[in-house]
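S.K.: Sharing a structure below in structure tokens format, with a few things to ask.
Structure follows, in structure tokens:
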């Protein structure tokens with residue numbers, strides 16, 4: 001798990017310098033990195049192991065994301081992490097024009113997708129549709145992105161964090 005001590009929201013201190021996969025050939029840019037809190041830390045630990053897991057209430061079984069200390073359904077404070085298949089469908093997407101952050105300009109146009117999980121249709125995760133886990137964010141032609149398309153979660157290490165990304169089930 002990456003050390004998040006000393007990172008502050010609203011500054012670039014949470015941004016990681018990355019020259020690794022998904023940043024383009026030879027690029028050196030500051031990409032956004034998550035800043036895990038106590039409730040969300042297990043999500044990122046499982047992601048580092050290549051597993052997509054979501055928090056579930058130990059009392060009523062309700063799946064929830066984002067992670068939080070109390071079940072919004074029964075108000076229990078007991079929870080566990082359930083492994084998901086990683087399958088889902090694109091619920092929505094956007095192609096930012098121009099790129100929202102300067103660090104992403106070299107990969108524009110790129111996509112940001114919202115994925116509805118197969119096991120939990122009320123849970124939606126944000127990510128990018130890519131051609132392979134370590135591919136650049138602009139690796140899927142824009143005309144191939146469709147709402148309802150079936151996708152599978154994959155993980156890419158960017159800036160020392162395993163980020164969930166998505167690939168088409170049938171390319």
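In full-length UniProt numbering, the protein residues as written are 1 to 171.
Idealized CB from N, CA, C, for every residue including glycine.
Note that this is a predicted model, so its numbers are computed, not measured.
Mind checking who residue 93 pairs with in its DSSP beta bridge?
M.R.: Residue 93 sits at position 93 when you count from the first residue of the chain shown. Answer is 113, bridged to residue 93.
S.K.: I'd like to check one pair, residue 162 with residue 48: are the Cβ atoms closer than 8 Å?
M.R.: As a working note, residue 48 is residue 48 in the chain shown. As a working note, residue 162 is residue 162 in the chain shown. Contact flag set, yes.
S.K.: If you compare alpha carbons, which of 92, 143, 72, 50 is closest to residue 56?
M.R.: Residue numbering aside, residue 56 sits at position 56 when the chain shown is read from its first letter. The candidate whose alpha carbon is nearest that of residue 56 is 72.
S.K.: Specify whether the segment 130-145 and the segment 64-84 touch according to this definition: at least 3 beta carbon pairs, one from each stretch, less than 8 Å apart.
M.R.: Verdict: no, contact absent.
S.K.: Per DSSP, which residues does residue 157 bridge with? Please list them.
M.R.: The residue given as residue 157 occupies position 157 in the chain shown. In the DSSP output, where bridge partners are listed per residue, residue 157 has 162.
S.K.: Rounded to a whole number of angstroms, what is the C-alpha to C-alpha distance between residue 103 and residue 167?
M.R.: Taking the first residue of the chain shown as position 1, residue 103 is located at position 103. Taking the first residue of the chain shown as position 1, residue 167 is located at position 167. Taking the straight line from one Cα to the other gives about 23 Å.
S.K.: Spell out the partners DSSP gives residue 81 in its beta bridges.
M.R.: Mapped onto the chain shown, residue 81 falls at position 81. Answer is 55.
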